Amino acid sequence: MKLYNFNELLSVAKARDFKAIGSFNLHCLEMLPAFFKAAKSMHSPLMIQISTGTAEYLGYRLLVDSVRSLAQSEDVPTCLHLDHCSDIASIETAIDAGFSSVMYDGSHLEMDENIANTRRVIDIARQHNVSVEAELGAIGGSEDGKAVAEEDICFTTVEDAKRFVDETGVDMLAVSVGTVHGLYTGKAHIQHQRLAEITAATGTPLVLHGGTGVSDEDMRLAVAGGIEKVNVGTEMNVQWVDRCKQTFEKGKVNDSVRKFLIPANNAVTQVLTEKIGLFK
Ligand code: 13P
């Protein structure tokens with residue numbers, strides 16, 4: 001089975017009455033079947049996103065081959081997406097390996113440079129039917145070793161978002177509207193009014209980063225307000241590590257390691273199942 005780009009996957013999702021797609025960060029290959037189990041049981045398409053750190057760790061081709069194989073055997077329409085990447089050479093590596101979607105993250109750059117680089121990535125991606133996500137504004141928190149301090153959070157403005165989309169034609173835009181990457185110390189405060197205005201001005205699918213720790217109610221409101229891709233990463237990692245700590249602690253050294261990992265993978269399936277349920 002071919003891997004779907006974001007636009008193709010969104011069409012499948014809409015045909016199955018989903019309003020948005022969850023894009024879930026894979027942290028290790030062991031978790032992969034757990035992702036498919038959740039998507040299959042929810043009759044949902046699946047978007048799997050990979051940080052450049054994980055892609056370097058596992059290998060781009062191994063990821064493509066494994067995801068494609070499971071998509072085929074489980075009969076789940078699947079998109080494999082490279083998450084936050086500021087290095088165009090790595091984006092080309094992902095596309096060459098067979099990723100079907102990429103994110104160019106130039107949010108730390110001046111607007112003109114972000115636009116120019118995003119256009120370059122789109123030119124490359126279009127030749128391979130690969131979708132492109134870009135980001136505007138600075139989302140707080142920490143991810144894959146990179147942190148944005150609270151004082152550096154910069155919300156996306158309606159004017160910037162409109163100009164960016166008009167000048168790039170990007171497939172989806174990540175916006176900074178109040179979520180943060182990683183675990184929250186307090187409650188997320190999504191700026192729903194800002195989101196509604198950006199949606200109206202751009203008419204382009206918007207992406208909510210930092211899906212971990214967002215309340216179900218806020219998530220539903222964000223999806224109703226124009227979010228069509230929701231990123232969730234930390235929550236699966238936390239559940240997996242937590243279960244492994246318990247099972248490894250209790251286990252014996254000659255137990256099959258499989259026994260330690262099954263509860264962790266079941267917890268990951270549960271996280272995805274619950275999140276996917278919010279996007280109907
Ligand atoms: P969380 O880890 O906060 O869920 O965010 C994931 C994310 O936005 C990946 O780009």
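When we follow the UniProt record's numbering, the leftmost residue of the sequence shown carries the number 1, and every step to the right adds one. The C-beta atom is built at its ideal place from N, Cα and C for all residues, glycine as well. Since the structure is predicted, the reported quantities are computational estimates derived from the model, not experimental observations.
*Contact test: residue 81 Cβ vs the ligand 13P heavy atom, cutoff 7 Å*: Here residue 81 refers to the residue found at position 81 when the sequence shown is read from its first residue. No; taking the cut-off as 7 Å, the Cβ of residue 81 has no heavy atom of the ligand 13P nearer than that.
*asked:* Just list the residues that DSSP pairs residue 106 with in beta bridges.
replied: Here residue 106 corresponds to residue number 106 of the sequence shown, with the count starting at 1. In the DSSP output, where bridge partners are listed per residue, residue 106 has none listed.
*If you drop the 5 nearest sequence neighbours on each side, which residues of the same chain put their C-beta closer than 7 Å to that of residue 273?*
Residue 273 sits at position 273 when you count from the first residue of the sequence shown. If we look at residue 273 and ignore the five residues flanking it on each side, its Cβ neighbours are 38, 41, 42.
*Heavy atom of the ligand 13P less than 7 Å from the Cβ of residue 288, yes or no?*
There is simply no residue 288 to check, as the chain begins at 1 and stops at 280 in what is shown.
_I'd like to confirm something about residue 232: is its beta-carbon nearer than 7 Å to some heavy atom of the ligand ATP, or not?_
The ligand ATP is not part of the structure shown, which contains the ligand 13P as its ligands.
*Would you list the one or two residues that DSSP bridges to residue 142?*
Mapped onto the sequence shown, residue 142 falls at position 142. Answer by DSSP bridge pairing, in chain order: 147.
*According to DSSP, which residues form a beta bridge with residue 21?*
For the purposes of this step, residue 21 is taken as residue 21 along the sequence shown, with counting starting at 1. Bridge pairing for residue 21: 229 [DSSP].
_For the beta strand (DSSP E) containing residue 282, name the first residue and the last one._
This structure cannot speak to residue 282, because the chain is shown only from 1 to 280.
_Since residue 90 and residue 131 should fall inside the 8 Å C-beta cutoff, what is the C-beta to C-beta distance between them, to a whole number of angstroms?_
On the sequence shown, residue 90 is found 90 positions in, with the first residue counted as 1. On the sequence shown, residue 131 is found 131 positions in, with the first residue counted as 1. Contact doesn't hold; Cβ gap of about 17 Å is too wide.
*Applying the criterion that 16 or more other CB atoms from any shown protein chain within 10 Å of the CB defines a buried residue, is residue 99 buried or exposed?*
Start at 1 with the first residue of the sequence shown, and residue 99 comes out as number 99. Buried: at least 16 other Cβ atoms inside 10 Å.
_By the DSSP assignment, the alpha helix (DSSP H) with residue 131 in it spans what residues?_
Taking the sequence shown and counting its residues from 1, one reaches residue 131 at position 131. Run containing residue 131: none in the alpha helix (DSSP H); it sits in the beta strand (DSSP E), 131-136.
_Pair within 8 Å by beta-carbon distance, residue 243 and residue 264_ = Start at 1 with the first residue of the sequence shown, and residue 243 comes out as number 243. Start at 1 with the first residue of the sequence shown, and residue 264 comes out as number 264. Contact check for residue 243 against residue 264 passes: the beta carbons are separated by less than 8 Å.
*Neighbour-count burial assignment, residue 112, 16 or more Cβ in a 10 Å radius*: For the purposes of this step, residue 112 is identified with residue 112 of the sequence shown, where counting begins at 1. Flag for residue 112 reads exposed.
*Do you know offhand how far residue 78's Cα is from residue 24's?*
Walking along the sequence shown from the start, residue 78 turns up at place 78. Walking along the sequence shown from the start, residue 24 turns up at place 24. Between residue 78 and residue 24, the alpha-carbon positions lie close to 12 Å from each other.
*Out of curiosity, what's the CA-to-CA distance linking residue 237 and residue 27?*
Within the sequence shown, the letter at position 237 stands for residue 237. Within the sequence shown, the letter at position 27 stands for residue 27. Near 7 Å, if we compare the C-alpha coordinates of residue 27 and residue 237.
_Backbone secondary structure at residue 192 - three-state DSSP_ = Start at 1 with the first residue of the sequence shown, and residue 192 comes out as number 192. The answer is helix: DSSP assigns residue 192 an H, G or I state.
*residue 11 by DSSP, collapsed to three states: which one?*
Within the sequence shown, the letter at position 11 stands for residue 11. Helix at residue 11.
*Please confirm whether any heavy atom of the ligand 13P lies closer than 7 Å to the CB of residue 156.*
Locating residue 156 in the sequence shown gives position 156, counting from the first residue. With a cut-off of 7 Å, the C-beta of residue 156 is classified as distant from the ligand 13P, since no heavy atom of the ligand falls inside that distance.
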